[in-house]
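Q: Note that my numbering numbers the sequence shown so that position 75 is 201, with each residue one more than the last.
What follows is a structure written as structure tokens; I'll ask about it next.
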Amino acid sequence: MPVSRKPYMVGNWKMNKLPAEAVQLAQELRKLLEKEKAVDIGVAPTFLAIPGVVAALKGSVIGVGGQNIHPKDSGAYTGEISAPMLKAAGCGFTIIGHSERRQYFGETDATVNEKLFAALGAGLDVILCIGETLEQREAGRMEEVVRQQLSEGLKDLPLDKTPRVTIAYEPVWAIGTGVTATPQQAQEAHAFIRSVTGKVLQPEVAQAMRIQYGGSVKPNNIKELMDCPDIDGALVGGAALTADGFAKIVKF
Ligand code: PGA
């Protein structure tokens, strides 16, 4: 019997919005999405905006998460934020391994794996991002890259923890560029990711796991992406910065 996976839409606000602006966006989203029960919804504001956004969304259907964590719980790591700190601030999840972290901040599959355990250990759910660059895709290396990100990123993940993990497939060439993968390209990649995840973990686990697509998702392309059998939601950057845009995506 096919497994049904509840759609999961998350807005990654990246380094945007002053804390007061973030609270305002959260309040607007709360109004627009108040009755939305068919989709799981999350937003990931900057660390500074998290307390305000958590307060603005308390008791709503919208969860709040971080965009990154440090793998250690505490210590001499100037400028960093840990998973227990996010949890204490009211977050329910964190993104890890975003391509911008990999590209600009030296994040590797090994650190992504450490962060996975740190987040789960602190009681946070995880959105683990993977995806190939344009150069890798053009060299025909998409499958190899994604396979390695999954086998190293998910390494040693206990099967009972897998319901708390979502994979986000974000082809780097589609992020913030206005170029979306075609539904066919995205579906092919998602089906491949599900089969590799089945080998790294277990086939039934991979069937139940949600795989989000990310990269220039907009209100006008979400429907065709969500029509693909292996796409279970979206990780949205630019289009999540307005309440109207993100609400349209959630209500695809
Ligand atoms: P984008 O970003 O929607 O602006 O392309 C997506 C992401 O990086 O999560």
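Note that CB positions come from ideal geometry on N, CA and C, so glycine has one too.
1) How many Å lie between M135 and G341 at the Cα?
2) Do you know whose CA, among N194, I176, L159, L327, lies nearest D282's CA?
3) How about E350: is its Cβ closer than 7 angstroms to a heavy atom in ligand 1?
4) My understanding is that T323 touches I293, with C-beta atoms under 8 angstroms, so please give their C-beta distance in whole angstroms.
5) Could you check what DSSP says for F219 in three-state terms: helix, strand or coil?
6) State the CB to CB distance for the pair V376 and V165, rounded to an integer number of angstroms; the pair is presumed to be in contact (CB under 8 angstroms).
7) Identify the residues that DSSP records as bridge partners of Y339: which are they?
8) Quick check: is any heavy atom of ligand 2 less than 7 angstroms from the C-beta of E258?
9) Following the continuous alpha helix (DSSP H) through A373, name the residue where it begins and the one where it ends.
10) For the putative contact between G218 and G191, defined by C-beta atoms under 8 angstroms, what is the C-beta separation to the nearest angstrom?
11) Given 7 angstroms as the limit, tell me if G232 has its C-beta closer than that to any heavy atom belonging to ligand 1.
12) Please report the distance separating the alpha-carbon of Q310 from that of A202.
13) For ligand 1, is there any heavy atom lying closer than 7 angstroms to the beta carbon of I301?
14) With DSSP as the reference, identify every bridge partner of T170, one or two as the case may be.
15) Please classify A214 as buried or exposed, where buried requires at least 16 neighbouring CB atoms within 10 angstroms.
16) Taking all protein chains shown into account, decide if S130 is buried (16 or more other Cβ within 10 angstroms of its Cβ) or exposed.
17) Nearest-angstrom Cα distance between P297 and R267?
18) Taking P284 as the reference, give the member of E261, T234, F243, L361 with the closest Cα.
A: Checking against the coordinates, here is how it stands:
1) Near 13 angstroms, if we compare the C-alpha coordinates of G341 and M135.
2) Ranked by Cα distance from D282, the first of N194, I176, L159, L327 is L327.
3) Checking every heavy atom of ligand 1 against the Cβ of E350, none is found closer than 7 angstroms.
4) Taking C-beta atoms under 8 angstroms as the contact rule, T323 and I293 qualify, at a distance of about 7 angstroms.
5) Three-state DSSP puts F219 in a strand.
6) The C-beta distance from V376 to V165 rounds to 5 angstroms, short enough to fall under 8 angstroms.
7) The secondary-structure analysis by DSSP pairs Y339 across a beta bridge with Y295, A360.
8) In the structure on display, ligand 2 does not appear, and the ligands it does have are ligand 1.
9) Residue range 369 to 376 is occupied by the alpha helix (DSSP H) that includes A373.
10) Indeed they touch by this definition, with Cβ atoms about 6 angstroms apart.
11) No heavy atom of ligand 1 is found nearer than 7 angstroms to the CB of G232.
12) Distance between the alpha carbons of Q310 and A202 is about 46 angstroms.
13) For I301, the distance from the CB to the nearest heavy atom of ligand 1 is below 7 angstroms.
14) Sequence check: residue 170 is Ala here, not Thr. DSSP, once it has assigned bridges, lists N138 as partnering A170.
15) Exposed.
16) It counts as exposed.
17) Roughly 12 angstroms separates the two Cα atoms.
18) Residue F243 is the option with its Cα nearest to P284.
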